[in-house]
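Okay, so here's the structure we're looking at.
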Amino acid sequence: MTQSLRILLTLTICAGFGGCMTARESRTESDYSYSGNFRRYRTYNFMQSQGLVSDTSRLGQVLREAIQQRLQVQGYRESTKRPDLLVNYRVFEGAINLRGYNQEELERWVAQHEGDDEETPPESRHTYQPVRRLLTDGTLFVTLVDARSQRAIWNGYTSGVDVPDNARAEAVLRRSVRSIFDRYRILAKGYLLTPETMDGGGH
Numbered sequence: 001m002t003q004s005l006r007i008l009l010t011l012t013i014c015a016g017f018g019g020c021m022t023a024r025e026s027r028t029e030s031d032y033s034y035s036g037n038f039r040r041y042r043t044y045n046f047m048q049s050q051g052l053v054s055d056t057s058r059l060g061q062v063l064r065e066a067i068q069q070r071l072q073v074q075g076y077r078e079s080t081k082r083p084d085l086l087v088n089y090r091v092f093e094g095a096i097n098l099r100g101y102n103q104e105e106l107e108r109w110v111a112q113h114e115g116d117d118e119e120t121p122p123e124s125r126h127t128y129q130p131v132r133r134l135l136t137d138g139t140l141f142v143t144l145v146d147a148r149s150q151r152a153i154w155n156g157y158t159s160g161v162d163v164p165d166n167a168r169a170e171a172v173l174r175r176s177v178r179s180i181f182d183r184y185r186i187l188a189k190g191y192l193l194t195p196e197t198m199d200g201g202g203h
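Going by the UniProt record's numbering, the first residue of the sequence shown is number 1, and it counts up by one from there.
So, in structure tokens, the structure goes:
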């Protein structure tokens, strides 16, 4: 992810990995930007990924396919030409201490509010309520970036992603993607969910 992107979360890697890893249980969380135009997104494309789940790695391909499948179920189309969203994913090993935000569920917020923009008066803007979160044993992050504004509008993450170096790795990553996107149940603009498409996302 380029430095120009304004990422919603600030990450601080714990110095004492051993102590951190025993302090908290695995958890799945998400945070979103109040400036996101969640009702208007239709298309997406992937950003370049590095590290353990780089684009050229087997695990990176597994993650990409799992994300593609879930977004397709929710009506989003992959597009290399002016996509609405850019998708970034990364696995952090060890424990992470980060700043998240105390927010209502995204679905409820989107149903009741319009996103803040440059014309929103200061007194009408939504206020973020920061919280500290400690994630352990490896964490998978998925970030959605508004391609037009180049700002991160949603972060989903799940801890306890201790990816084994064997055949179980694919199952671990696919399960983690499902857990994360269970917190992003926003359909693409103009898309209607059917029982058939719902079944398609459960594999």
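In this text, a Cβ means the ideal position worked out from N, Cα and C, and glycines have one as well.
Pick helix, strand or coil for residue i, following the three-state DSSP scheme.
{"i": "residue 63", "result": "helix"}
{"i": "residue 83", "result": "coil"}
{"i": "residue 152", "result": "strand"}
{"i": "residue 130", "result": "strand"}
{"i": "residue 96", "result": "strand"}
{"i": "residue 183", "result": "coil"}
{"i": "residue 177", "result": "helix"}
Between residue i and residue j, what straight-line distance do the alpha-carbon atoms span, to the nearest angstrom?
{"i": "residue 38", "j": "residue 44", "result": "13 Å"}
{"i": "residue 48", "j": "residue 192", "result": "30 Å"}
{"i": "residue 122", "j": "residue 46", "result": "33 Å"}
Using CA atoms only, rank isn't needed, just tell me which of the options is closest to residue i.
{"i": "residue 70", "options": "126, 189, 185", "result": "185"}
{"i": "residue 129", "options": "84, 102, 89, 118", "result": "102"}
{"i": "residue 158", "options": "147, 89, 111", "result": "89"}
Taking the beta carbon of residue i as the centre, do at least 16 other beta carbons fall within 10 Å, making it buried, or is it exposed?
{"i": "residue 22", "result": "Reliability of the predicted coordinates at residue 22 is poor, the pLDDT of 33 falling under 50, and the value obtained from them is presented with this limitation in mind. Burial call: exposed."}
{"i": "residue 28", "result": "buried"}
{"i": "residue 131", "result": "exposed"}
{"i": "residue 229", "result": "This structure does not reach residue 229, given that the chain is present from 1 up to 203, and the question cannot be answered."}
If you measure from the CB of residue i, is any heavy atom of the ligand HEM nearer than 7 Å?
{"i": "residue 141", "result": "With respect to the ligand HEM, the structure offers nothing, as it holds no ligand at all."}
Between which residues of its own chain and residue i is the CB-CB distance below 8 Å, once the five residues before and five after are set aside?
{"i": "residue 177", "result": "63, 66, 67, 70, 140, 142"}
Among the residues of its own chain, which have a CB less than 6 Å from the CB of residue i, if the five just before and after it don't count?
{"i": "residue 76", "result": "44, 188"}
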